[in-house]
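Mapping of the sequence shown onto full-length UniProt numbering: position 127 corresponds to residue 127, and the numbering continues sequentially without gaps. These notes are about the structure you will find just below.
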Amino acid sequence: MNLQNNKELVFQSVAQAAEQAQRLKDSVNIIAVTKYVDCETTQELVRTGIQHIGENRVDKFLDKYHALKDENLTWHLIGSLQRRKVKDVINYVDYFHALDSVKLAKEIDKRAEHVIKCFLQVNISKEESKHGFLIEELEVVLPELEKLENVQIVGLMTMAPFEASHEELNQIFEKAHQLQKELKKKQLNNMPFSELSMGMSRDYPEAIAHGSTYVRIGTAFFK
Ligand SMILES: *Cc1c(COP(=O)(O)O)cnc(C)c1O
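Below is the structure:
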C-alpha cells in the first residue's frame, strides 16, 4: 500500500473527470473514507495532503477524531446514525451525509451546539435495502425540516446499487442532480441545496459527470 501514490492517482483521476465534465477540479471535494484503516494509517494519509476525512460509524469516527483533531481537518459522518448516538458525536461533525428521517433531524437539532451541515439522503433507485427518503416523501418532509434551526440542509446524498451498470449510474446520478437543482431553486429556509454527495471508488467518474461536489472514496486510497 503506497499511500502517496494512491493519493496522487485518486486526485489526478478526479481532476480528469472534472475536466471532462467541463468543471473546475476544485468544485469536487474529495473525502478520504478511512473506515478500513487505523489511526496511524489515517495520520499517514493526512500527511499526503488530505483535507476531508469520512467515517461511516460513530465509534470509528470518534477514534479518528480524537487522534487527529489538531490537524485542522474537515470531519464527515457519512453512514446512517442511530438516534441514541446523536449526542455522542454530533458536535464533532462538520458534515453529516445520511439524514434519512425527520425524527433523526429533530434529535440532531436538539443536541447540536452549533449549526450542523447535513445532506438529505435520497433513495433514487428505490432499492429496499437502501436508506434515504423517497423523492415522493420530500414534499411533506421539507416543511418539517425547515423549522429546525441547527440543521442546515446543504444538499443531497445518494448511493447507487452495487451492481449498477454505467448507464444506470448515469441515470441515477442525473436524477439526483436534477432534483438538487429543483430544490435549490425553491430557496427554502436554511436549505441552500448547493451540494451533491455522490460517488465512491467504483463510480466517482459518473458522479462527477453529473455534478457531484463531494465524492466519498475509501478503497482507492488503501489498495
Ligand atoms: C465505505 C463507504 C464509502 C467508500 O466506499 P469505497 O467503495 O471504499 O470507496 C462511501 N460512502 C459510504 C456511505 C461508505 O460507507
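Where a beta carbon is used, it is the ideal one built from N, C-alpha and C, also for glycine.
- Within the same chain, T48 come within 6 Å of K7 by CB-CB distance, once the 5 residues on both sides are set aside.
- A contact between stretches requires three or more CB pairs, one per stretch, nearer than 8 Å, and the region 198-212 fails this requirement with the region 35-47.
- Per DSSP, A220 lies in no beta strand (DSSP E) and is assigned neither H nor E.
- Excluding its 5 nearest sequence neighbours in each direction, P192 has C-beta neighbours in its own chain below 8 Å: Q152, I153, V154, G155 and K184, listed in chain order.
- Distances taken from the Cβ of T34 to the heavy atoms of ligand 1 include none shorter than 6 Å.
- The Cβ-Cβ distance between G79 and R57 falls below 7 Å.
- In this structure M157 does not touch K130 by the C-beta definition: roughly 11 Å separates them, more than the 8 Å allowed.
- Within the same chain, Cβ atoms closer than 7 Å to the Cβ of T219 are found at S201, the five residues on either side in sequence being excluded.
- Within a 10 Å sphere around the beta-carbon of K64 sit 16 or more other beta-carbons, which makes this residue buried.
- I30 is bridged by DSSP to V215.
- Short of 7 Å from the beta carbon of N189, and not among the five residues preceding or following it, lie these beta carbons of its own chain, in chain order: E146.
- Residue state for K185 is assigned as helix, using DSSP reduced to three classes.
- Taking 6 Å as the cut-off, one finds no heavy atom of ligand 1 near enough to the beta carbon of S212.
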